[in-house]
Structure formats: structure tokens, C-alpha cells
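Trainee: Be aware that the sequence shown starts at 1, since it is given in UniProt numbering, and climbs by one per residue. Built from N, CA and C at the ideal position, the CB exists for glycine as well. Since this is a predicted model, take the numbers as computed values, not measurements. For reference, the structure I am asking about is given below.
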Amino acid sequence: MSTKRSDKLLDLVNQKQKIAVNELSKILNVSKVTVRKDLSELEGKGLLVRKHGYAIINDPNKLNYRLAQNYDIKQQIALAASNLVSEQETIMVESGSTCALLVQELAKQGKHVTVITNSYFIADFVSEYSNITVFVLGGKYQAESEVVVGPIAKTVLSSFHVEQLFVGMDGFDPKQGFFGRDIMRADIVEAMAQNAQKLIILSDSTKFSKFSLTKLASFSQTDRVITDNNIPTSARQVLENNKVALTEV
């Protein structure tokens with residue numbers, strides 16, 4: 001399936017929430033057989049659900065739904081991030097759709113990597129790959145995001161120290177730094193950052209034009225941002241002024 005058609009198909013499903021195969025065939029100007037094949041491929045990636053001649057979006061509260069937004073861009077970001085990770089390295093990864101794709105990319109590359117994470121989604125996402133060893137933190141479970149948070153998770157984190165921590169974000173403030181939507185998860189990011197030498201933000205460029213609830217990391221805490229080349233010029237300048245390395249894909 002072409003990247004352009006994949007993006008258009010996902011956009012249509014996300015807009016309509018439920019759309020018939022016949023309608024997709026007409027809009028995309030391809031056969032119903034091709035649409036069904038495309039839908040099977042996207043369903044296999046967990047990006048949508050197929051039911052009785054229809055394509056349906058995932059539950060918007062679930063990570064699979066967020067995974068489907070700007071999917072191909074996120075894959076490119078994940079690929080760029082994977083180049084920073086060495087064979088036999090141990091990394092920390094906070095929950096998030098692009099972070100999940102990073103771990104999957106490392107798995108597909110056959111790298112033997114140990115991942116410390118608070119995300120049960122990520123652990124399950126790469127469970128079929130024997131080259132990835134996953135340590136999942138204990139703590140209070142948030143079913144919506146499939147993560148653990150709270151003091152138990154922070155206590156477990158104190159036993160680890162790694163070179164690189166990878167984190168997603170939900171919003172950006174040009175004066176304060178990078179933001180998330182959940183206070184408890186932000187607290188875990190802070191604890192992770194205390195036990196990692198480098199903090200690397202993975203995010204598609206749309207997040208640089210959004211505000212969010214709670215601070216994840218300041219510019220001084222952040223070593224690198226990996227995003228796509230549609231990042232606003234103003235945000236690019238802010239990162240440069242604050243000596244945060246920028247990788248654009």
C-alpha cells in the first residue's frame with residue numbers, strides 16, 4: 001500500500017469514525033479488493049478495526065487511536081531515534097505512540113536492546129520479538145493509557161541508570177519547555193530523567209502548536225528533539241536558542 005493512500009485512508013476513517021468499504025473504494029478510486037487488503041494491513045498494525053464491510057476507528061481513549069494519527073511521520077521519527085540506540089544498550093522509554101514505534105523499530109532491526117518502561121502497551125506491542133528484553137515498572141495502573149504511575153514506580157526506577165531516555169509530548173511552551181496531559185505520567189518522566197544521562201523528545205510537529213496541562217521537561221533537561229520538518233520556524237529557533245539539538249525527518 002502506498003504511503004499517500006494509507007494516510008488518506010486513515011484520515012477518512014478518523015473523520016467519519018465508521019465508513020463503508022464501498023465508500024472508501026469510490027473516494028480513493030481503487031477497487032474494493034484493494035481497500036479490503038489495505039484495511040487488513042492497517043488492522044494488523046492496530047490502527048483501526050474492521051467489521052462487516054466497514055472500517056471503524058479505535059477507541060479515542062486508547063493508545064492505538066493515537067498511534068493512527070500521523071502514523072507514517074511517527075514511523076520516520078522512530079527510525080531516526082533508533083539510529084541513536086546501540087546493540088546491547090539499555091534504554092528507558094516512557095509511554096506514547098511514537099515511543100512504541102521506536103521500540104518496534106529496534107525489534108524489527110534485530111538489535112538486542114533492553115527497555116525499561118512504565119508502558120504495558122509497549123511491552124505487549126513487541127512481545128513477539130525475542131531480541132527485545134522489557135522491564136515493566138510496578139505501580140498504579142492507568143487502564144486508559146496502559147501505563148503504571150505513582151510512588152511504587154518511582155521507587156523501582158531508582159534501581160536503574162541508563163544513558164538515554166525517550167519521551168513523547170502533548171504540547172509545547174516556548175518559555176517553559178515540553179508538556180504532557182497527565183500529571184501522574186509527568187511525575188514518572190521526571191523520575192526517569194533523574195536516572196538517565198540524556199532525555200530525547202519524540203514528537204510529530206503538530207504538538208509544537210498545542211498547549212497541554214503539565215510540564216514534562218524544561219529545555220535545560222532536554223538533549224535532543226526528533227520531529228518532522230514541518231516544525232514551526234519559531235519553535236525551531238527556540239530550541240536552537242536553548243541549545244537543544246534538533247533532528248528533522
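Expressed to the nearest angstrom, what Euclidean distance is found between the alpha-carbon atoms of P232 and F172?
Mentor: Cα to Cα, P232 sits roughly 11 Å from F172.
Trainee: Which residue comes first and which comes last in the beta strand (DSSP E) that contains Q197?
Mentor: Note, Q197: beta strand (DSSP E), 196 to 202.
Trainee: May I ask you to list the residues that DSSP assigns as paired with A55?
Mentor: Answer by DSSP bridge pairing, in chain order: I19, R50.
Trainee: Which partner residues does Y141 have in the DSSP bridge list?
Mentor: V148, per the DSSP bridge assignment.
Trainee: In chain order, what residues of the same chain have a beta carbon less than 6 Å from the beta carbon of I77, not counting five sequence neighbours either side?
Mentor: Here the set comprises T98, L202, I226, V249.
Trainee: Taking buried to mean at least 16 other C-beta atoms within 10 Å of its own C-beta, is S40 buried or exposed?
Mentor: Label assigned to S40: exposed.
Trainee: Count Cβ pairs between the segment 18 to 32 and the segment 82 to 95 that sit closer than 8 Å; are there 3 or more?
Mentor: These segments do not touch.
Trainee: Locate the alpha helix (DSSP H) running through F219, then write down its first and last residues.
Mentor: Segment: none, F219 is in no alpha helix (DSSP H) and carries neither H nor E.
Trainee: Could you tell me if I152 is buried or exposed, where buried requires 16 or more neighbouring beta carbons within 10 angstroms of its beta carbon?
Mentor: Exposed.
Trainee: Looking at the structure shown, is K176 part of a helix, part of a strand, or coil, going by DSSP?
Mentor: Note on identity: in this sequence residue 176 is Gln, with Lys being the wrong assignment. Of the three classes helix, strand and coil, the one that applies to Q176 here is coil, per DSSP.
Trainee: Taking C-beta to C-beta, are A196 and E163 nearer than 8 Å?
Mentor: Yes, they are a contact pair.
Trainee: Compute the Euclidean distance between the alpha carbons of F166 and N118, then round it to the nearest angstrom.
Mentor: Between F166 and N118, the C-alpha separation is close to 12 Å.
Trainee: Classify A120 as buried or exposed, calling it buried when 16 or more other Cβ atoms lie within 10 Å of its own Cβ.
Mentor: A small correction: the amino acid at residue 120 is Tyr; Ala does not occupy that position in the sequence shown. Buried, because 16 or more other Cβ atoms sit within 10 Å of the Cβ of Y120.
Trainee: Spatial neighbours of S95 within its chain, please: CB distance less than 8 Å, with the 5 preceding and 5 following residues excluded, ordered by chain position.
Mentor: Result list for S95: L63, T117, N118, S119, F121, I122, S145, E146, V147, G168, R185, in chain order.
Trainee: Out of H112, V103, D182, K26, which has the shortest C-alpha to C-alpha gap to Q142?
Mentor: Here the closest residue by C-alpha is D182.
Trainee: Let's see if you can read the secondary structure: which residues bound the beta strand (DSSP E) around V164?
Mentor: At residue 164 the sequence reads Gln, which differs from the Val that was named. 162 to 168 is the span of the beta strand (DSSP E), which, as asked, contains Q164.
Trainee: Tell me whether V189 sits in a helix, a strand or coil according to DSSP, three-state version.
Mentor: Of the three classes helix, strand and coil, the one that applies to V189 here is helix, per DSSP.
Trainee: When DSSP labels each residue in this structure, what does E248 get in the three-state scheme?
Mentor: The answer is strand: DSSP assigns E248 an E or B state.
Trainee: Just the C-alpha distance for F179 and K210, rounded to the nearest angstrom, thanks.
Mentor: Straight-line Cα distance between these residues: approximately 9 Å.
Trainee: Tell me the DSSP bridge mates of V115?
Mentor: Bridge partners of V115: I91, V134.
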